[in-house]
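Enquirer: Structure provided below as structure tokens; questions to follow.
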Amino acid sequence: MGACMALCSLASCASCLCGSAPCLLCGCCPFSNNSTVTRLIFSFFLLLGTLVSVIMILPGMEDQLRKIPGFCKGGSSIPGLENQVNCDVLVGYKSVYRMCFAMACFFFFFAIIMVRVRSSKDPRAALQNGFWFFKFLILVGITVGAFFIPDGTFNTVWFYFGVVGSFIFIVIQLILLIDFAYNWNKAWLENAEEGNRKCWFAGLLSFTILHYALAFTAVVLFYVYYTQPSGCTEHKVFISLNLIFCIIVSIVAILPPVQEAQPESGLLQASLISLYTMYVTWSSMTNNPDRSCNPSLLSLVSNSTSVPSPTATPGQVQWWDAQGIVGLVIFFFCTLYASIRSSSNTQVNRLMQTGEGGESSEGGAEEGGFRRAVDNEEESVTYSYSFFHFCLFLASLYIMMTLTSWYQPETTTQAMLSTMPAVWVKIASSWLGLALYLWTLVAPLILPNRDFS
Numbered sequence: 001m002g003a004c005m006a007l008c009s010l011a012s013c014a015s016c017l018c019g020s021a022p023c024l025l026c027g028c029c030p031f032s033n034n035s036t037v038t039r040l041i042f043s044f045f046l047l048l049g050t051l052v053s054v055i056m057i058l059p060g061m062e063d064q065l066r067k068i069p070g071f072c073k074g075g076s077s078i079p080g081l082e083n084q085v086n087c088d089v090l091v092g093y094k095s096v097y098r099m100c101f102a103m104a105c106f107f108f109f110f111a112i113i114m115v116r117v118r119s120s121k122d123p124r125a126a127l128q129n130g131f132w133f134f135k136f137l138i139l140v141g142i143t144v145g146a147f148f149i150p151d152g153t154f155n156t157v158w159f160y161f162g163v164v165g166s167f168i169f170i171v172i173q174l175i176l177l178i179d180f181a182y183n184w185n186k187a188w189l190e191n192a193e194e195g196n197r198k199c200w201f202a203g204l205l206s207f208t209i210l211h212y213a214l215a216f217t218a219v220v221l222f223y224v225y226y227t228q229p230s231g232c233t234e235h236k237v238f239i240s241l242n243l244i245f246c247i248i249v250s251i252v253a254i255l256p257p258v259q260e261a262q263p264e265s266g267l268l269q270a271s272l273i274s275l276y277t278m279y280v281t282w283s284s285m286t287n288n289p290d291r292s293c294n295p296s297l298l299s300l301v302s303n304s305t306s307v308p309s310p311t312a313t314p315g316q317v318q319w320w321d322a323q324g325i326v327g328l329v330i331f332f333f334c335t336l337y338a339s340i341r342s343s344s345n346t347q348v349n350r351l352m353q354t355g356e357g358g359e360s361s362e363g364g365a366e367e368g369g370f371r372r373a374v375d376n377e378e379e380s381v382t383y384s385y386s387f388f389h390f391c392l393f394l395a396s397l398y399i400m401m402t403l404t405s406w407y408q409p410e411t412t413t414q415a416m417l418s419t420m421p422a423v424w425v426k427i428a429s430s431w432l433g434l435a436l437y438l439w440t441l442v443a444p445l446i447l448p449n450r451d452f453s
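Per this note's numbering, the sequence shown starts with residue 1, numbered consecutively.
Shown next as structure tokens:
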């Protein structure tokens, strides 16, 4: 789909900027559904804002950003973390906060005005699926205005918004991974039934073993590098509990009653969820302010505890460590998947406020020399417009926290500090996510009178 957008001519796209989403991709992807194209374009807005945020925090951008009125008052050093953090470092983080604030406001605005849209016949559906040029102008306008917000307590207050929003978004990421694993398992089982059973079953077994092997390896490495014989008690508890929880959900996934109620359930989903849980566990431990329990990845690779980053200035906090990069990759995958997903898993669809209805494989009518995409929501929407925008609102907060390494702005010293609340937020989100996955397994057994088919 991204390739289709890239191949569109500038003239054809310019002629459709004020029109509907299908027209925006007009001759390039004529068999796309209206609902899918709209989600992709909104996701593109989010990814564009993410790219701008990444650029703002890169080394060398501080000279341009500090020209913004009120961002930097002088160039003197200010206390922070281990050494001296100067304004040139902090200005990037302030910029990320304001860029993500603008994106969050933009998507929250649409989440409010799209409440209870039932079909594309609703007048608000035209606003959802069209007027892209004006939407872009609104986003740019909010962004420009956000950069003139005075410091004060803005950074601190918005940090707590980011923590809460990121907590919810991490859980949503896990739900999307659950859905992806269900669809993956279902597709390969159907392929196995059609022919070459050994090949497809071998593929399922191979990926399941790979996921479990990576998860178990992660557990071993966590115990070796993120715990101490006489300390790091929280880390020991986190690792042990999540290991136990992953074993429990894996056993439940293959119990005969669960298999009978949900034939598509299996160890592939449980293995992928276990691997993601270990990632969140690692991500939470990397925010521990106790450096004896949180060694830098570079020091682990170099087998040294005092090797500085070759690109970091003294006191600079970087997001482009392994945890930040992996977090962005998972975020990108989940955002793209949320835009194109069409799931048959009822429990996940109810959690994500989506449905299957209205899909069509027929091409749209000719208009202006281009084939329009299909309006597949004339009877009912295939996803909740409001909930989709709320997810993008949460994603904006998650991006803000990821790019700032979940560090908290300190109002008195104007430094970015690593704190334990970020650790607890991430680990709690992993527990809630595992509980939701367990619910998708046992819900048909606990509520036998409800239709989960």
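The beta-carbon is built from N, C-alpha and C at its ideal position, and this holds for glycine as well.
Spatial neighbours of G433 within its chain, please: CB distance less than 6 Å, with the 5 preceding and 5 following residues excluded, ordered by chain position.
Expert: Here the set comprises V171, L174.
Enquirer: Assuming I254 and G266 make a contact with CB atoms under 8 Å, what is their CB distance in whole Å?
Expert: Right, their Cβ atoms sit about 7 Å apart.
Enquirer: Which same chain residues end up closer than 7 Å to R124 when comparing Cβ atoms and leaving out the 5 residues on each side of it in sequence?
Expert: Hits under 7 Å: I113, M114, V117.
Enquirer: In three-state DSSP terms, what is Y407?
Expert: In the structure shown, Y407 sits in coil (DSSP, three-state: anything other than H, G, I, E or B).
Enquirer: Here's the rule I'm using: 16 or more other beta-carbon atoms within 10 Å means buried, otherwise exposed. How should T217 be labelled?
Expert: So T217 counts as exposed.
Enquirer: When you measure from the CB of G324 to every non-hydrogen atom of the ligand SAM, does any distance come out below 7 Å?
Expert: As far as ligands go, the structure on display features none, and thus does not contain the ligand SAM.
Enquirer: DSSP has Q228 in a bridge; who is on the other side?
Expert: The partner list for Q228 (beta bridge, DSSP) reads G231.
Enquirer: When you compare the CB positions of L336 and S95, do they come within less than 8 Å of one another, or not?
Expert: The answer is no: Cβ separation not under 8 Å.
Enquirer: Roughly how many angstroms lie between the CA atoms of L46 and P421, to the nearest whole one?
Expert: Distance between the alpha carbons of L46 and P421 is about 26 Å.
Enquirer: DSSP puts V374 in a beta bridge; with which residues?
Expert: N33.
Enquirer: Would you report the Cα separation of V442 and A435, rounded to the nearest angstrom?
Expert: Cα to Cα, V442 sits roughly 11 Å from A435.
Enquirer: Flag this pair as touching only if the segment 160-169 and the segment 227-237 have three or more C-beta atom pairs under 8 Å; answer yes or no.
Expert: Output reads no: the segment 227-237 does not touch the segment 160-169.
Enquirer: Pull up the distance between the alpha-carbon of S386 and that of K186, whole angstroms please.
Expert: So the alpha carbons of these two residues sit roughly 29 Å apart.
Enquirer: Using the rule of at least 16 other Cβ atoms within 10 Å of the residue's Cβ for burial, across every protein chain shown, is L210 buried or exposed?
Expert: Looking at its Cβ environment, which holds fewer than 16 other Cβ atoms inside 10 Å, L210 is exposed.
Enquirer: If you draw a straight line from the alpha carbon of A365 to that of K135, how long is it in whole angstroms?
Expert: Per-residue confidence for A365 stands at a pLDDT of 48, beneath the threshold of 50, marking its modelled position as unreliable; the derived number appears in the next sentence. So the alpha carbons of these two residues sit roughly 26 Å apart.
Enquirer: Do the segment 388-402 and the segment 147-164 meet, that is, are 3 or more Cβ pairs less than 8 Å apart?
Expert: With a cut-off of 8 Å, the segment 147-164 and the segment 388-402 count as touching, because enough Cβ pairs lie within range.
Enquirer: For S339, which residues from the same chain have a beta carbon less than 6 Å from its beta carbon, with the 5 sequence-adjacent residues on both sides left out?
Expert: Counting only Cβ-Cβ distances below 6 Å, and skipping sequence neighbours, we find R39, L40, S43.
Enquirer: Please go through the segment 233-277 and give each complete beta strand (DSSP E) segment of 3 or more residues, from N-terminal end onward.
Expert: Counting whole runs of 3 or more residues, the segment 233-277 contains no beta strand (DSSP E) stretch at all.
Enquirer: Indicate whether the contact test is met: 3 or more Cβ pairs, each with one atom in the segment 201-208 and one in the segment 283-297, closer than 8 Å.
Expert: No, they do not touch.
Enquirer: Is the CB-CB distance between S430 and T208 below 8 Å?
Expert: No, the Cβ-Cβ distance between S430 and T208 is not below 8 Å.
Enquirer: Ordered along the chain, which non-local residues of its own chain (more than five positions away) have a Cβ less than 7 Å from that of C100?
Expert: S53, S396, L397, I399, M400.
Enquirer: Can you say whether A126 is buried or exposed, counting buried as having 16 or more other CB atoms within 10 angstroms of its CB?
Expert: Looking at its Cβ environment, which holds fewer than 16 other Cβ atoms inside 10 Å, A126 is exposed.
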